[in-house]
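Notes follow once the structure below has been shown.
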Amino acid sequence: MDARGKTTQAKERPRRTGPTRAEGRCLCGAVTFEAGVPARWAWHDHSAASRRAHGAVYATYVGVYRSRFRFLTGEDCLSHFEDENGATRSFCARCGSPVAYGRAHAPTMINIPRALFDSGTGREPRYHIAIDELQEWTYLGEALSPLKGFPGVVWTRARGKKKAGI
Ligand SMILES: [Zn+2]
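Numbers given in this note's numbering equal positions in the sequence shown, counted from 1, plus 1.
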C-alpha cells in the first residue's frame, strides 16, 4: 500500500526468495535429511495408527515429493514397520524417533513429522485427517493459568463436569 492507503500493483511478480530447502533430524541426530521448500502439503493426523506411532495425541506431517527429499546421514539406522494397509513407518533404530511415513496409495510422496524440521517447510498444516478421532485430551487452546510454586508450569483450571473418557 502507498501513503494514501491505495494498493500499488507490482508489474511483475517478485521472484520467490528465501530458503529452498529445509533440514531436519531425529532426536539423537544419527538420521538427517533435507527436503525441498515449499513442501507439497502439511496436515494433522488424528488417526489411532499415527497417534500410537508417535506416542502423541496427534501427529503433524509434511508431505514431500520423494524426488525432492533425501537422507543426508543415517538412512542405514532406520528400521521399518509395514502395517496391514501397506503403509510403511520408518523410525530411528537408535533413538526411536518416527522419521518417515509412506502411504501405499501415494508412492511418490514421503511424509515427515513436522517436528523433526529445524526450520519452516513452506507449508502450514491446515488440514486434518481423521478429525472424528480427535481425543478428548487434546489441548485446544483453553485458557491457562500459572501453577503456583512451579515456574514455567501452567495448567487448565477444572471447569464444570469432568470430561468422559479421560
Ligand atoms: Zn535417532
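Yeah, the Cβ is synthetic: ideal placement off N, Cα and C, and Gly gets one too.
Pick from the options: whose alpha carbon is nearest that of residue i?
i: Ala50; options: Glu76, Pro147 and Gly87; result: Gly87
i: Leu73; options: Arg124, Gly56, Asn112 and Arg26; result: Arg26
i: Thr89; options: Ile113, Pro147 and Pro152; result: Ile113
i: Val32; options: Ser91, Arg104, Pro126 and Met110; result: Ser91
Ordered along the chain, which non-local residues of its own chain (more than five positions away) have a Cβ less than 7 Å from that of residue i?
i: Leu145; result: Val155, Trp156 and Thr157
i: Ala131; result: Asp46, His47 and Ser48
i: Ala40; result: Val63, Gly64, Val65, Thr122, Gly123 and Arg124
i: His129; result: Trp44, His45 and His47
i: Pro126; result: Ala43, Trp44, His45, Thr61 and Arg115
Using the beta-carbon count (16 or more within 10 Å), is residue i buried or exposed?
i: Thr139; result: exposed
i: His81; result: exposed
i: Ser120; result: exposed
i: His55; result: buried
i: Thr1; result: Look at the range of the chain in this structure, 2 to 167, and you will see that residue 1 is not part of it.
i: Ser68; result: exposed
i: Arg115; result: buried
i: Leu117; result: buried
i: Gly75; result: buried
i: Ala159; result: exposed
i: Phe70; result: buried
i: Phe34; result: buried
Leaving out five residues before and five after residue i in sequence, what residues of the same chain have Cβ atoms less than 8 Å from its Cβ?
i: Tyr59; result: His45, Asp46, His47, Ser51, Arg52, Leu135, Gln136 and Thr139
Can you name the start and end residues of the alpha helix (DSSP H) that residue i belongs to?
i: Ala23; result: First-last for Ala23: Arg22 to Arg26, but that is the beta strand (DSSP E), not the alpha helix (DSSP H).
i: Ser51; result: Ala49 to His55
Please report the Cβ distance between residue i and residue j, rounded to the nearest whole angstrom; I am assuming they are in contact, meaning their Cβ atoms lie under 8 Å.
i: Ser98; j: Leu28; result: 5 Å
i: Leu79; j: Cys93; result: 7 Å
Report whether the distance from the Cβ of residue i to the nearest heavy atom of ligand 2 is below 6 Å.
i: Ala31; result: With respect to small molecules bound, the structure shown includes ligand 1 and not ligand 2.
Following the continuous beta strand (DSSP E) through residue i, name the residue where it begins and the one where it ends.
i: Glu35; result: Thr33 to Gly37
i: Ala116; result: Run containing Ala116: none; DSSP gives neither H nor E here.
i: His81; result: Leu79 to Glu83
For residue i, which residues from the same chain have a beta carbon less than 6 Å from its beta carbon, with the 5 sequence-adjacent residues on both sides left out?
i: Ala23; result: Ala36, Val38, Phe118, Ser120 and Thr122
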